[in-house]
Every structure is written in structure tokens, then in C-alpha cells.
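Below is one structure, written out as C-alpha cells, with a few remarks after it.
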Amino acid sequence: MLTLAAQLEEIITQAMERALGLQGGEALLTVTKDEKHGDYQCNAAMGLAKKLQQNPRQIAQKLQEAVLTLERERLEKGEGALIADCQIAGPGFINLTLTPAALRRGVELIAPQQHLERPQKVIVDYSCPNIAKQMHVGHLRSTIIGDAICRLLGYLGHEVQRDNHVGDWGTQFGLLCAWIMDRGSGSVADSDLSDLEALYRQSQALAQEDERFRERARARVVALHQGDPATLAVWRQIVDKSLDHIYQVYAQLGVLLTREDVVGESFYNPLLPQVVADLEERFPQGNRPMEVVENQGAMCIFMYDPQGEPLFKTPEGGPLPFIIRKSDGAYLYATTDLACLRRRTQDLRAQWVIYTTDARQSLHFRMLFTSAAMAGWTEGVKLEHVPFGSVLGEDNKPLKTRSGENVHLADLLAEAIKLARQNVQVEGRDFSAEEIEAIAQAVGIGAIKYADLSQNRLSDYVFSFEKMLAMEGNTAPYLLYAYARIRSILRKAGQEEFTGVELPLDDPAERRLVLQLARFNETLLQVVDGWRLNLLCDYLYRLSGLFMKFYENCTVLNAQPEQVRRARLALCAQTARVLKLGLGLLGIKTVERM
Ligand code: ARG
């Protein structure tokens, strides 16, 4: 993806080669904090001064001269002006100001969809609730973050495969199957999921007090895992029911996941014995850097560094096992994930695999990635765990209902939509009932998503309807309102397309807005690097703020002469387009009026 920053970096690298004889030097380019110092600054001179044992200002001067020469050469070759000004400041910062032509070109680089020469096949593992329970707030972040990741990757031109690795195989099914089969009905067809959840709670309670029921539930898990047809039939019904519910919540949330994306834990069950047997055979006791050994009846993977030290340690300092089979023969989460990763890389040929789960699973994924790499399954494959913090209540503890239970996601979404609807109606405008509904949906769901994505991903955050639905500040309603406002200006102007109209740059407010637009592509690259989705939120918030300033300072609809009016309207249209695009990449729908 082309960016202005990358073009500047290239010029600076060339300047280093010319002026200092350095190959492949790093430009260390940043956006200037104060616009008085230009648009971008190069911070390389200070580091180079140490390396070359020269005065940093002298180095900066040499680079400045070379940059200006290179810019002249560009012009002579007819390549279009890029740098209008290049100044040295402080100990050796090189401040760069872009030309009007470059700024306008930066905006033209924003495409509705990128096309990569070599798109990568990326599998994104996200949402993945443990089913047979209602979706609760703990599933929110993985679903929202993973979905934004899929949208961004798709936009950048990658081939994205979504993968919903639902927990459909755990002990909860033993309890449920035992309960249902004890009652002889053998069917869950008539119960809705809240029934199922009540069933689960009742069966749990019974298991607490009734040793024989516990025994039957355990036996049901074994029967299930061994493929007993009667148990499987009941299990299948429970799974289908749960998935119906889960996909209703997804529809409400507006995420990309489809039923076809479900590849649950159960899918890997038949593959598990072979995975363990292969590992056991190829990595016998004493093998380095990985060995698979039986330890108190359990099958364990141990991994070592080149010095022979265990790579993972228990708190006491002993080697930490990655357990792939328990002493009773049962397989674990780790075993399933090994089978799954092997399939994703070896059979599905993924070149990049991304897992979105809460930060408490970080150690699991480090052990998974390391063992899979040592097994030789992930050569040339990029593996990423994208962890996140928890959603907290106003009391700074994990969000629960008043009675201390997990908050059902469906209730949370409904509440957000209800509150958003009240906000819209209060304004008492001429909206149709349909329109109010669409606005309430967009604002309510958008607010929940945006409040999540605009946080530093690794931090916990406090869930607050009041904050996320506020019309002021870094919130979805503020951004959606900015968008709707621009759309209303364009409706009044009676024109939306401004192809060939040059964006205005005379007023400082215009120039700031155009510069911010021109930074869209490079912002996306920063976002993708480490999945810092909050940077895209910050970008859009700043964009909206700069638009509001522009609209305060510059007359648009009544601007004179016509040429200025058209240029300003074109700027409005571009801003709206980028806002919609950016929000869309976060999974947030815009509305035309609000
Ligand atoms: N079901 C798991 C949980 O709720 C998350 C699964 C994440 N994906 C994976 N391949 N392990 O914690």
C-alpha cells in the first residue's frame, strides 16, 4: 500500500547513501508534534552522529542538502513535487513539509480496496465461545477485535479465512447429555437456550450432591468422545441449538462470522490420537530441543533453549509441561490446538494464523507456537496471538449482573440499542420509525464496538453505557454524528461526486484536514503492525475534530466563488468517504441522518 511516509523514507534513505555513503539507513520518520515544524520529522541524525562520530547538526545539514537535491531531480524527471520545505531544528531534527501536490496525491492513494500482488492466506481464529451456555460479555472482545482484524486484512487484499473454534466438546456436555438422557426424552428440540442454560445449572447442582450422577456424566463424556450414537445424537441437538442462539447474537452485533466458519473442538477429536502418537515417536525422551515424555501417566511436551535450559518453567523453577494427554487417557485443549494448527498450516496452507483470546491464554499460545515450530509444522508461517484485557464493571471488577452472574451478551446489546433509541428520540426530529430503529442499532452497537476498540487492547476497561453513548469525546456517536452532518451538507449541496476537483489548501484548517486524510494509508499500516486498532479510532476521532474546525472556520455551502465552494464540498465528500471506510473497517455501520 502506497503511503506518503514511505515515499519520504525512501528519499531520506537515498540521501543517506549519497551524503554519508550509508546503505539501507533507517529514516526514523515521525509525524511532527507541532505543525510549526512541518509535517514529518526525520530523527536519524542523532543516532548516526554516534555511529559516524560526527556532529549531529552537520550530519543533518548534509542530509538536508541531499534531500533538496533529490527533490530537484524528482522534479526534473517529472515525478511530481513531494517536499516543499526541509529545515533543521534543535540538535539535528530534519523537518519536512509536504507540497500541495503531495498532499492531494496522498488523498488519492486511498482506495476502496487494496490489491496485493502476493496476498497471504490468513486464518483468523476468533469469538470461539464455549457453547451450551448463552454468550456473555466475556465473548465480546474476541468477537469484536477478531472481526475488525478480518475486515482490515480483507481490505488490505489478503485472503481471509474466519475460523470459529467453538468449545463444543467439554465436560459441560457430559452433564447435559446425562441429564437429558436420564429423563428419557432424548430430545432438546422444544427447549430454547435459556432452558438449556437452566438445565446446565440444574445438572451442575445435581452433580455437586449426587456422586452417582457425577459418575454418569463422566461416563457420558467418555461415550461422547468414543462416538456412541445415542449420546452423539443428543449432543448434536444441543450444539445446533446453542449455535442458533450464538448466531442470533452475531447477527445483532453485525459481525462477519457465518455458520460455515464453525470448526469446533469436536472436529479435531478423531485426529488427536495420531497427533500424540506422531509427536511421541519423533521426539522421544532426551531429544532436544523438544521431548515428549510420560510423566505420572500424563503425556507431556518439554521444550528447551539451545543451552538445554527449559524454555517454560513452573513458578518453582522446574520445567513446565505442555500436557497433551491426561493419565486417564483424555485429551486436552492443548492437544486440540496442536491438531488444529497442524491442519491449518499443513492442510489448509495458511501463511499467517491469528488467534484472538484474552491475555490469560498467552502462555498457552506461546507453548503452542513453540512446540508446533519445533515439530516443523509452521515453517514460514506467521503466528500471532492477539491478547486483550477484561471488561470490568463500574466497581473495577469483571463485569457481572447484580446477582453476580455473567452478563448475557444479548441483554447487553439490547440495552445499548434501547438507550441509543432514547437519545435519538429525545431530539424530536422528523425521523420515521424505521429510521429511528436503524439509527438506534447503528449507534448502540457501534458504541459498544467503538468503546472496546478505542482502548489500548491489553488494558482492562470499565464498561459504561453513559461514556460510550456520549455525543462528545472519542465515542461512536460523536463520529457517527460527524459523518451524518457531512452527509447532510452534501445533500443540501445536491452533489456528492467531485472527481477532478482539487482539494482546497489555502486556509490552515483546510490544509490540516487534507493532511489528516492523506495519512489514512500509513495509519492502517501502523494499526496492522501489532493490531493497534485504537490507532485507527484515534485517527478517525482526530479527523472528525479537524472537520468540525474546518466547518467552523470555512464557509462551505455559501462559499464564493463557485470554485472555492466546489473545492470545499469535495473536501467534505472525501472526509465522509474516509470516515465511512474507517468505521467500516472497525465493523461500525454509519447512518445518513442522525
Ligand atoms: N473456547 C476457548 C475459550 O473460551 C477459546 C478458543 C480460542 N481458540 C483456540 N484455537 N484455542 O477460552
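For the sequence shown, my numbering gives the first residue as 155, with consecutive numbering after it.
We put the CB at the ideal spot given by N, CA and C, even for glycine.
What you are looking at is a predicted structure, and each value in this text was computed from that prediction instead of being measured.
- If you check the C-beta of H319 against ligand 1, you find a heavy atom less than 8 Å away.
- As summarised for the stretch 562–621, the continuous alpha helix (DSSP H) elements at least 4 residues long and confined to that stretch are 563–580 and 587–607, given in chain order.
- A direct Cα-to-Cα measurement between K395 and K287 gives close to 10 Å.
- For A452, the enclosing beta strand (DSSP E) has its first and last residue at A452 to M457.
- Set against 8 Å, the gap from the CB of C708 to the closest heavy atom of ligand 1 is not smaller.
- Within the model, the alpha-carbon separation for C691 versus G440 is close to 50 Å.
- In this structure, E419 lies near H319, with their beta-carbon atoms less than 9 Å apart.
- Counting along the chain, the unbroken alpha helix (DSSP H) around I298 starts and ends at L294 to L310.
- Between the stretch 544–553 and the stretch 451–468, the count of Cβ pairs shorter than 8 Å is below three; the stretches do not touch.
- If you draw a 10 Å sphere on the C-beta of A359, you find fewer than 16 other C-beta atoms in it, and that means exposed.
- When secondary structure is reduced to three states using DSSP, C708 falls in the coil class, being assigned neither helix nor strand.
- Closest in C-alpha terms to Y354, from the list A160, L330, V376 and R368, comes L330.
- Residue pairing by DSSP puts H539 in a beta bridge opposite Y509.
- Counted as a single uninterrupted DSSP element, the alpha helix (DSSP H) harbouring F523 occupies residues S516 to M528.
- With distances taken between CA atoms, R673 lies nearest to L252 out of A198, G201, L252 and K551.
- Contact between V745 and A592 is confirmed by a C-beta separation of about 6 Å, below the 8 Å threshold.
- In the DSSP assignment, no residue is bridged to F327.
- Judged by the Cβ position, T511 qualifies as a neighbour of ligand 1 at the 8 Å threshold, a heavy atom of the ligand being closer than this.
- In terms of CA proximity to E271, E313 leads the group E313, A255, D301 and I242.
- With fewer than 16 other Cβ atoms from the protein chains shown falling within 10 Å of its own Cβ, A568 counts as exposed.
- Taking a contact to require three or more Cβ pairs closer than 8 Å, the stretch 648–666 and the stretch 725–744 qualify as touching.
- At the C-beta level, T555 and S296 stay beyond 9 Å of one another.
- Closest in C-alpha terms to V732, from the list K621, K480, R641 and A647, comes R641.
- Beyond the five residues adjoining it in sequence on each side, G408 comes within less than 7 Å, by CB distance, of I599, G741 and K743 in the same chain, given in chain order.
- Under the DSSP assignment, A243 falls outside any alpha helix (DSSP H), being part of the beta strand (DSSP E) whose first and last residues are I237 to A243.
- Taking a C-beta distance under 9 Å as the contact criterion, A574 and V597 qualify as a contact pair.
- In the structure shown, E448 falls within a strand segment according to DSSP collapsed to helix, strand and coil.
- Annotated as proximal: G543 and R611, with beta-carbon spacing under 9 Å.
- For D279, the pairing in a beta bridge is given by DSSP as D317 and Y509.
- When the Cα atoms are used, L350 and F617 turn out to be separated by approximately 28 Å.
- Taking the Cα of T412 as reference, the smallest distance to any Cα among Q195, M748, A570 and Y401 is reached at Y401.
- In the structure shown, the three-state DSSP call for K467 is strand.
- Taking 9 Å as the cut-off, the beta carbon of N560 is found no closer than this to the beta carbon of H269.
- With 16 or more neighbouring CB atoms inside 10 Å of its own CB, L671 falls in the buried class.
- Per the Cβ contact rule, the stretch 299–317 is not in contact with the stretch 443–456 (fewer than 3 Cβ pairs under 8 Å).
- Taking a cut-off of 8 Å for Cβ pairs, the stretch 534–542 and the stretch 509–524 touch, as three or more such pairs fall below it.
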